[in-house]
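J.: The opening residue of the sequence shown carries number 384 in the numbering used here; numbering runs sequentially from there.
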Amino acid sequence: MSFSKAKPGRVCPHQVAFLLDNGLRRWLQPPHRILRGHIKPGATVVDLGCGPGYFTIAMAHLTGPHGRVVAADLQPQMLARVRRKAARFGMADRITCHRCQSDGIGLKIKADFILAWYMVHETPDPAAFFHEVQSLLKPNGRLLVVEPKVHVSRVAFAAIQSAAAAAGLIAQAPFTRLMSRGVLLVLA
Ligand SMILES: C[S@@+](CC[C@H](N)C(=O)[O-])C[C@H]1O[C@@H](n2cnc3c(N)ncnc32)[C@H](O)[C@@H]1O
């Protein structure tokens, strides 16, 4: 069951990646400021549905040289953008790109923190998605889920939280940001 007002399983096309990384967004959603309370130096973190890597570079700054960032996405064109960006910012050694499949993330990792920003509503089966995500977290690991209000109603977001809870991911704190609904979850 999908929770999106948009067509289930429909992803944000890589051709509009420029909409996801621009000056207006940096002003509205400054990536370092948003993430700095969630990522410690040396952490292992995943940018799930990373798109063109808007948050990936900030995540790599925050984990530092001893950390590890996995940027994961369905679309190879998005991952190609992340690779170019990682090289440009001198972060290629700490960022690994991973191509997900539509039926699963397919990572073998234990992460301290996972970011799923504006992507859960694009997954075809959020229940299966959260079940896999919880298996990727270390005990006490955190997952920050943020969804766009334009695609995800209040009711739909409540359903997303229920699917997360059914997978053992417990709401720890709401996350509020202009035009977005979010929640910080912890692996119970
Ligand atoms: C709207 S974009 C958001 C990108 C990024 N998180 C951001 O905030 O800039 C959603 C991204 O999630 C990816 N995506 C959608 N479903 C996915 C899935 N099941 N597994 C991995 N990536 C997925 C899409 O390919 C797309 O790049």
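For glycine and all other residues, C-beta sits at the position ideal for the given N, C-alpha and C. Owing to the predicted nature of the structure, the values given are computational and were not obtained by experimental measurement.
In angstroms, rounded to a whole number, what distance separates the CA positions of residue 471 and residue 412?
T.: Mapped onto the sequence shown, residue 471 falls at position 88. Mapped onto the sequence shown, residue 412 falls at position 29. Straight-line Cα distance between these residues: approximately 21 angstroms.
J.: Which of the three DSSP states, helix, strand or coil, is assigned to residue 521?
T.: Mapped onto the sequence shown, residue 521 falls at position 138. Three-state result, residue 521: strand.
J.: In terms of residues, what are the limits of the beta strand (DSSP E) holding residue 399?
T.: Translated into positions along the sequence shown, residue 399 becomes position 16. Counting along the chain, residue 399 falls outside any beta strand (DSSP E), and DSSP gives it neither H nor E.
J.: List the endpoints of the continuous alpha helix (DSSP H) containing residue 414.
T.: Residue 414 sits at position 31 when you count from the first residue of the sequence shown. Residue range 414 to 418 is occupied by the alpha helix (DSSP H) that includes residue 414.
J.: Which residue from 430, 395, 489 and 548 puts its Cα closest to that of residue 495?
T.: On the sequence shown, position 112 is the one that residue 495 refers to. That would be 430, whose Cα lies nearest to the Cα of residue 495.
J.: Could you tell me which of 508, 549 and 568 sits nearest to residue 529, measuring between CA atoms?
T.: Here residue 529 is taken as the residue at index 146 of the sequence shown, counted from 1. Nearest C-alpha to residue 529: 568.
J.: Hey, could you find the ends of the beta strand (DSSP E) residue 497 is sitting in?
T.: Walking along the sequence shown from the start, residue 497 turns up at place 114. Segment 494 to 500, the beta strand (DSSP E) holding residue 497.
J.: In angstroms with no decimal places, state the Cα-to-Cα distance between residue 477 and residue 541.
T.: By 1-based counting over the sequence shown, the position of residue 477 is 94. By 1-based counting over the sequence shown, the position of residue 541 is 158. Cα to Cα, the separation comes out at about 35 angstroms.
J.: Indicate, with yes or no, if ligand 1 has a heavy atom lying under 7 angstroms from the CB of residue 488.
T.: Taking the sequence shown and counting its residues from 1, the one referred to as residue 488 is at position 105. For residue 488, the shortest C-beta to heavy atom distance toward ligand 1 is below 7 angstroms.
J.: What is the rounded straight-line gap between the Cα of residue 509 and the Cα of residue 408?
T.: Working through the sequence shown from its first residue, we reach residue 509 at position 126. Working through the sequence shown from its first residue, we reach residue 408 at position 25. Between residue 509 and residue 408, the C-alpha separation is close to 26 angstroms.
J.: Residues in its own chain within less than 7 angstroms of residue 422 by CB, not counting five upstream and five downstream?
T.: Taking the sequence shown and counting its residues from 1, one reaches residue 422 at position 39. Same-chain partners within the cutoff: 428, 442, 445, 446 and 496.
J.: Beta-carbon separation of residue 527 and residue 493 under 8 angstroms?
T.: Residue mapping note: residue 527 aligns to position 144 of the sequence shown, counting from 1. Residue mapping note: residue 493 aligns to position 110 of the sequence shown, counting from 1. Going by C-beta atoms, residue 527 is not nearer than 8 angstroms to residue 493.
J.: Are the CB atoms of residue 475 and residue 513 nearer to each other than 8 angstroms?
T.: On the sequence shown, residue 475 is found 92 positions in, with the first residue counted as 1. On the sequence shown, residue 513 is found 130 positions in, with the first residue counted as 1. Their beta carbons are not under 8 angstroms apart, which means residue 475 does not touch residue 513 by this criterion.
J.: Nearest CA to the CA of residue 415: which residue from 402, 433 and 439?
T.: Here residue 415 is taken as the residue at index 32 of the sequence shown, counted from 1. Comparing Cα-Cα distances from residue 415 to each of 402, 433 and 439, the minimum goes to 439.
J.: Work out the CA separation of residue 467 and residue 543 for me, nearest whole Å.
T.: If you number the sequence shown from 1, residue 543 lands on position 160. If you number the sequence shown from 1, residue 467 lands on position 84. Taking the straight line from one Cα to the other gives about 33 angstroms.
J.: My guess is that residue 480 and residue 489 are in contact by the Cβ rule of under 8 angstroms, so how many angstroms apart are they, rounded?
T.: Within the sequence shown, residue 480 is the residue found at index 97, counting from 1. Within the sequence shown, residue 489 is the residue found at index 106, counting from 1. The pair is not a contact, with the Cβ atoms about 13 angstroms apart (cut-off 8 angstroms).
J.: In chain order, what are the residue ranges of uninterrupted alpha helix (DSSP H) at least 4 long that sit wholly in the region 421 to 475?
T.: 439 to 446 and 459 to 471
J.: Taking the CB atoms as reference points, tell me whether residue 458 and residue 504 lie closer together than 8 angstroms.
T.: To locate residue 458, count along the sequence shown from 1; it is residue 75. To locate residue 504, count along the sequence shown from 1; it is residue 121. For residue 458 and residue 504, no; Cβs fall outside 8 angstroms.
J.: Label residue 550 either buried or exposed according to how many other C-beta atoms from any shown protein chain fall within 10 Å of its C-beta, with 16 as the threshold for buried.
T.: Taking the first residue of the sequence shown as 1, we reach residue 550 at position 167. Residue 550 comes out buried.
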